[in-house]
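Engineer: Residue numbers (the numbering used here), protein chains in the order written: chain A, 541 to 870; chain B, 541 to 870.
Virtual Cβ for every residue (Gly too), placed ideally from N, Cα, C.
2 protein chains.
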Amino acid sequence: MKKYAIGIDVGGTNLKGVVMDRNGRCRHLSRIPTEADKGGKKVLENILSLIGTLIEKEGTKKDILGIGIGTPGFVDAKGVISAAKNLPGWEGTNVYKPIQKRFGLPATAGNDVTVATLAESRYGAGQGVQNLVCLALGTGIGGGIVTNGQLYKGTFGMAGELGHISVETNGVPCNCGVKGCVECYASATGIVRTALELCRGLPPDRQTSFSRLAAAQPHTITSKIVYDYVKQNDPAAGAVNEMVCDKLARIIGIIVNALSPDRIILGGGVMMAGQVIIDTTAKYVPRYCFEAIWRHCELVIAQCGENAGVLGAAQLVFEDLAGKNIQKSN
Amino acid sequence: MKKYAIGIDVGGTNLKGVVMDRNGRCRHLSRIPTEADKGGKKVLENILSLIGTLIEKEGTKKDILGIGIGTPGFVDAKGVISAAKNLPGWEGTNVYKPIQKRFGLPATAGNDVTVATLAESRYGAGQGVQNLVCLALGTGIGGGIVTNGQLYKGTFGMAGELGHISVETNGVPCNCGVKGCVECYASATGIVRTALELCRGLPPDRQTSFSRLAAAQPHTITSKIVYDYVKQNDPAAGAVNEMVCDKLARIIGIIVNALSPDRIILGGGVMMAGQVIIDTTAKYVPRYCFEAIWRHCELVIAQCGENAGVLGAAQLVFEDLAGKNIQKSN
């Protein structure tokens, strides 16, 4: 039984790569620029080069079961990327073939949040439960689902677009075409938009340090700054937090009623704010689902941090490729 | 390997029972009144009596692997029923123990729509795909989910409450406490409510045969009557259909983005109306989800009909109890 897997996390700025063992321990970690601006062909070349570096560090590929890739967008059964908005030219790329050709190793792949969910399930905040959902609150909102103990990717690698579920029927128009997607309110971008809108509407007698900053320098506001002020008990920032968490509670209510997960894990850059988001959101969830189902669900913070993607990509190798005839896939 | 399973479908009016083989073929079918008004203890006694009748018909229980129950509400891992609103006194009943005690056979159980989903997956409209969702449009709306080829019940048997997902933020208050649940619009009850409301608002010059009937005899209107008029091209009934299907499209959009199922199966009494609901709904779905995901999803009518519940309950035996140590569970 081959002991190691290589995982690659395709980010907008950097490619991260890891050689991981079957216990989730990282043997080697490398990082190089994605060079997304140079097009999909260059991104692929950089991925192959990173895999080469990792094999070199390992000294041999005889113990490597295969290569797993986590990428923005969707990956179909043949390894072809689609809907990767942030990486121009990356769409349409087949990632399996060149890996098999260059290294004689089989490959598997999945959406970056989907594979990060697998990492949380096996090595992070999802350990010990069979059914869970992750929400990654970053620039956008992505989702990942584990059912009956298995990662659920959907037949075409497209499951888990939980950021694009409407929580406000006549809400903010989302760039996906739907109105009121939770991404418009509770992603980093959505939090800033919500904050600026709320501060614009404040009467003079309710201005706060935060609202004055938002009015004076709107372009400097980030979700981190919003939550810095939340922690200082700034009332305007606090009101933003309540609005954001109410919207988060709605998507969580939908997830609870639909999937009754044992655990819902919140991750992504926004969750640097920590427990305040969990606590505020948990307060609102019972408004939006059956309390009997919610009672069986824990709302927790992700644990794998920035390496969730790369660890999940490697883990995908053990779960997707183990037991498959490796010769056949060459 | 034991060849047969007994399935019991607990309905508000009747208990249905079946002895089924591993190919979904029905060997014996029986039906007796539930007698729900006589309380949970009587319902349980009737179930045991029905099982006895089926074993008698079979002549021996040596080929029976176990008993599967489909019931309103939720069933936990120990076989205890909860949230079965329509069956007073049925909540809190443990269904596994008395079956094991009386017949020496192991039992398994699930929500009625959940087990009907299993029947559709194995013997009906869901054959040949790994990932699907059923929506049962009856008095209420129930849901069932199959992921990675397996029935997804959730750890506590509570998954699939898809009727109670809000599709209208400030919509009709649902009896579950949430506003705008799809059940308020697209269940049989919801369709009638929508129809009466729409007809009340019609100006005199837009009255139709249907709206006049709805005004004169509101208590006689059923979802069947609405759709009889839809088929006669009555404009008011047609407008009801568009409203109902727009709401159905919203929940389907949520399901598509969240789960990317290969197929969504619509069943239940409302679907006696047939293809008109599928066609009207399919027209609206792209407004509410990613078209790239929807393109991979088929929207179809259920095929197992009224026996979906009882066949699914029997099928659950083969999938939940096969491979388990039967001695141990006695």
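Can you confirm whether the region 623–637 of chain A touches the region 545–562 of chain B when touching is taken to mean that 3 or more C-beta pairs between the two stretches lie within less than 8 Å?
Structural biologist: No, the region 545–562 of chain B is not in contact with the region 623–637 of chain A.
Engineer: When the Cα atoms are used, what is the spatial distance from residue 579 of chain A to residue 592 of chain A?
Structural biologist: Indexing the first sequence from 1 puts residue 579 of chain A at position 39. Indexing the first sequence from 1 puts residue 592 of chain A at position 52. So the two alpha carbons sit approximately 20 Å from each other.
Engineer: Just the chain B side, please: which residues come within less than 9 Å of residue 836 of chain A by C-beta, in chain order?
Structural biologist: Here residue 836 of chain A corresponds to residue number 296 of the first sequence, with the count starting at 1. Correct list: 694, 695, 696, 698.
Engineer: Mind checking whether residue 610 of chain B and residue 808 of chain B have CB atoms under 8 Å apart?
Structural biologist: For this step, residue 610 of chain B is matched to residue 70 along the second sequence. For this step, residue 808 of chain B is matched to residue 268 along the second sequence. Taking 8 Å as the Cβ cut-off, residue 610 of chain B and residue 808 of chain B do not qualify as a contacting pair.
Engineer: Starting from residue 679 of chain A, trace the beta strand (DSSP E) both ways and give me its first and last residue.
Structural biologist: One-based indexing of the first sequence puts residue 679 of chain A at position 139. Where residue 679 of chain A is concerned, there is no enclosing beta strand (DSSP E), given that its DSSP letter is neither H nor E.
Engineer: So, is the C-beta of residue 830 of chain B closer than 8 Å to a C-beta in chain A?
Structural biologist: For the purposes of this step, residue 830 of chain B is identified with residue 290 of the second sequence, where counting begins at 1. Answer yes: the Cβ-Cβ gap between residue 830 of chain B and chain A drops below 8 Å somewhere.
Engineer: Taking 8 Å as the threshold, find out whether the region 811–818 of chain B comes into contact with the region 703–723 of chain A through three or more Cβ pairs.
Structural biologist: As far as the Cβ criterion goes, the region 811–818 of chain B does not touch the region 703–723 of chain A, which means the pair count is below three.
Engineer: Helix, strand or coil for residue 604 of chain A per DSSP?
Structural biologist: For the purposes of this step, residue 604 of chain A is taken as residue 64 along the first sequence, with counting starting at 1. DSSP places residue 604 of chain A in strand when its eight states are reduced to three.
Engineer: Any beta carbon from chain B within less than 8 Å of residue 499 of chain A's own beta carbon?
Structural biologist: Missing from the structure shown is residue 499 of chain A; chain A here goes from 541 to 870 and no further.
Engineer: So with CB distances below 9 Å, who are the chain A contacts of residue 653 of chain B?
Structural biologist: If you number the second sequence from 1, residue 653 of chain B lands on position 113. What residue 653 of chain B touches in chain A: nothing, since even the nearest Cβ is about 13 Å away.
Engineer: Could you check if residue 680 of chain A is buried or exposed, using at least 16 other CB atoms within 10 Å of its CB as the buried criterion?
Structural biologist: Position 140 of the first sequence, counting from 1, holds the residue named residue 680 of chain A. Buried is the call here.
Engineer: When you compare the region 836–850 of chain B with the region 652–663 of chain B, are there three or more beta-carbon pairs, one atom per stretch, that lie closer than 8 Å?
Structural biologist: Judged by Cβ distances under 8 Å, the region 836–850 of chain B makes contact with the region 652–663 of chain B, as three or more pairs qualify.
Engineer: Applying the 10 Å Cβ sphere with the 16-neighbour rule, what's the burial state of residue 693 of chain B?
Structural biologist: One-based indexing of the second sequence puts residue 693 of chain B at position 153. Under this definition residue 693 of chain B is a buried residue.
Engineer: Residues in the same chain with beta-carbon distance under 6 Å from residue 766 of chain B, minus the five sequence neighbours each way, listed in chain order, please.
Structural biologist: The residue labelled residue 766 of chain B in the question sits at position 226 within the second sequence. Taken in chain order, the residues that qualify are 731, 735, 777, 780.
Engineer: Could you spell out the range, first to last residue, of the alpha helix (DSSP H) harbouring residue 561 of chain A?
Structural biologist: In the first sequence, residue 561 of chain A corresponds to position 21, counting from 1. Note, residue 561 of chain A: premise wrong, no alpha helix (DSSP H); beta strand (DSSP E) at 554–561.
Engineer: So what does DSSP say about residue 803 of chain B, is it helix, strand or coil?
Structural biologist: Walking along the second sequence from the start, residue 803 of chain B turns up at place 263. Three-state result, residue 803 of chain B: strand.
Engineer: Opposite residue 509 of chain B in the DSSP bridges: which residues?
Structural biologist: Any question about residue 509 of chain B goes unanswered here, given that chain B covers just 541 to 870.
Engineer: Just confirm the distance between the C-beta atoms of residue 700 of chain B and residue 720 of chain B, as a whole number of angstroms; I'd bet it's less than 8 Å.
Structural biologist: Position 160 of the second sequence, counting from 1, holds the residue named residue 700 of chain B. Position 180 of the second sequence, counting from 1, holds the residue named residue 720 of chain B. Contact doesn't hold; Cβ gap of about 19 Å is too wide.
Engineer: For residue 813 of chain A, count neighbouring Cβ atoms within 10 angstroms of its own Cβ and tell me buried if that reaches 16, exposed if not.
Structural biologist: Residue mapping note: residue 813 of chain A aligns to position 273 of the first sequence, counting from 1. Classification for residue 813 of chain A: buried.
Engineer: Do residue 786 of chain A and residue 837 of chain A count as a contact pair if the criterion is CB distance below 8 Å?
Structural biologist: For the purposes of this step, residue 837 of chain A is taken as the residue at position 297 of the first sequence. For the purposes of this step, residue 786 of chain A is taken as the residue at position 246 of the first sequence. Not a contact, by the Cβ cut-off of 8 Å.
Engineer: Which residues mark the beginning and the end of the beta strand (DSSP E) in which residue 690 of chain A is found?
Structural biologist: Here the question's residue 690 of chain A lines up with position 150 in the first sequence. Residue 690 of chain A -> beta strand (DSSP E) spans 690–692.
Engineer: Count the other C-beta atoms from every protein chain shown that fall within 10 angstroms of the C-beta of residue 749 of chain A, then say buried if there are 16 or more, exposed otherwise.
Structural biologist: Position 209 of the first sequence, counted from the start, is the residue given in the question as residue 749 of chain A. The residue in question, residue 749 of chain A, is exposed, as its Cβ has fewer than 16 Cβ neighbours within 10 Å.
Engineer: Let me check understanding here. Comparing Cα to Cα, which of A:677, A:783, A:653, A:608 lies closest to residue 647 of chain A?
Structural biologist: Residue 647 of chain A sits at position 107 when you count from the first residue of the first sequence. Residue 647 of chain A has its Cα closest to that of A:608, out of A:677, A:783, A:653, A:608.
Engineer: Taking the DSSP output, what are the residues bridged to residue 838 of chain A?
Structural biologist: On the first sequence, position 298 is the one that residue 838 of chain A refers to. The partner list for residue 838 of chain A (beta bridge, DSSP) reads A:803.
Engineer: Closer than 8 Å, CB to CB, is residue 833 of chain A near chain B or not?
Structural biologist: On the first sequence, position 293 is the one that residue 833 of chain A refers to. Interface residue, yes.
Engineer: When you compare the CB of residue 633 of chain A with every CB in chain B, is at least one pair closer than 8 Å?
Structural biologist: Within the first sequence, residue 633 of chain A is the residue found at index 93, counting from 1. It does not: the Cβ of residue 633 of chain A has no partner Cβ on chain B nearer than 8 Å.
Engineer: By the three-class DSSP mapping on this structure, what secondary structure does residue 597 of chain A have?
Structural biologist: For the purposes of this step, residue 597 of chain A is identified with residue 57 of the first sequence, where counting begins at 1. Residue 597 of chain A falls in the helix class under three-state DSSP.
Engineer: Against chain A, with Cβ distances strictly below 8 Å, would residue 554 of chain B count as a contact?
Structural biologist: Residue 554 of chain B sits at position 14 when you count from the first residue of the second sequence. Judged by the 8 Å Cβ criterion, residue 554 of chain B is not in contact with chain A.
Engineer: Could you tell me which of A:806, A:616, A:860, A:794 sits nearest to residue 834 of chain A, measuring between CA atoms?
Structural biologist: For the purposes of this step, residue 834 of chain A is taken as the residue at position 294 of the first sequence. It is A:794 whose Cα lies nearest to the Cα of residue 834 of chain A.
Engineer: Specify the secondary structure class of residue 774 of chain A as computed by DSSP and reduced to three states.
Structural biologist: Within the first sequence, residue 774 of chain A is the residue found at index 234, counting from 1. If DSSP states are grouped into helix, strand and coil, residue 774 of chain A belongs with coil.
Engineer: I'd like to know whether the C-beta of residue 722 of chain A is nearer than 8 Å to at least one C-beta of chain B.
Structural biologist: Residue numbering aside, residue 722 of chain A sits at position 182 when the first sequence is read from its first letter. No, no contact with chain B.
Engineer: Could you work out which residue in B:686, B:724, B:830, B:746 is closest to residue 667 of chain B when comparing CA atoms only?
Structural biologist: Mapped onto the second sequence, residue 667 of chain B falls at position 127. The residue with the shortest Cα to Cα distance from residue 667 of chain B is B:686.
Engineer: Check the Cβ of residue 626 of chain A against every Cβ in chain B and list those closer than 7 Å, keeping chain order.
Structural biologist: For this step, residue 626 of chain A is matched to residue 86 along the first sequence. The contacting residues do not exist; residue 626 of chain A stays about 16 Å from chain B at best.
Engineer: Scan the region 652–678 of chain A for residues whose Cβ lies nearer than 8 Å to a Cβ of chain B and list them as they occur along the chain.
Structural biologist: For the region 652–678 of chain A, which is checked against every Cβ of chain B, the residues closer than 8 Å are 669, 670, 671.
Engineer: Taking Cβ-Cβ distances below 8 Å as the criterion, which residues of the region 613–625 of chain B are in contact with chain A?
Structural biologist: Listed by position, the residues of the region 613–625 of chain B near chain A (Cβ gap below 8 Å) are 614, 622, 623.
Engineer: Assign residue 785 of chain B to one of three DSSP states: helix, strand, or coil.
Structural biologist: Here residue 785 of chain B refers to the residue found at position 245 of the second sequence. Of the three classes helix, strand and coil, the one that applies to residue 785 of chain B here is helix, per DSSP.
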